[in-house]
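In the working numbering, the protein residues as written are 372 to 554.
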């Protein structure tokens, strides 16, 4: 009987010790997932200049940038829009503006959304609801509403737009039919 009584005391001591050593970490556990969904950094009033060999190639202006490089598929988000000035080899300005933008680091893809306007120094102008820019291929495309007016006066409108960055060869589909405009 004495051995049985000793086992009961030992079991009780361990149970009480375990009970008092446990903490309620539920709130901390919940925060783990939340922290992974939050940006790792936030920047305000951005005026970023990109240079190559001492020559300014681009100037990015934005009220706010959120850095999500803590994710497996990292990206930077510009929730309040962007104003981007791109300079060509002759220092001519080409301007891109949008209400919202995301830059995907791994794929070099930029997603511009809301009142997207791209205006070149030669007065070619593209208006779109959404526009993707593939930085590797230097290619613009969308499957949303787009309107393009070239400097020569050609006009195209549709729901699919596909073009190189200089608008030397572009395609507009749907809406007002198929438009191949070769200047």
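Cβ coordinates follow ideal geometry from the N, Cα and C atoms, glycine included.
Measure the CB-CB distance between residue 470 and residue 494 and report whether it falls below 8 angstroms.
no
DSSP beta-bridge partners of residue 418:
432
Beta-carbon contacts of residue 466 that lie in its chain and below 6 angstroms, excluding the five residues immediately before and after:
456, 490
Relative to the C-alpha of residue 424, which candidate in 505, 515, 460 has its C-alpha closest?
460
Around the C-beta of residue 513, are 16 or more other C-beta atoms found within 10 angstroms, so that it is buried, or is it exposed?
buried
Run through DSSP, which three-state label would residue 548 get?
Annotation note: pLDDT 47 at residue 548 (below 50); position unreliable, coordinate value reported separately. Coil.
CA-to-CA distance, residue 440 to residue 446, given in whole angstroms:
6 angstroms
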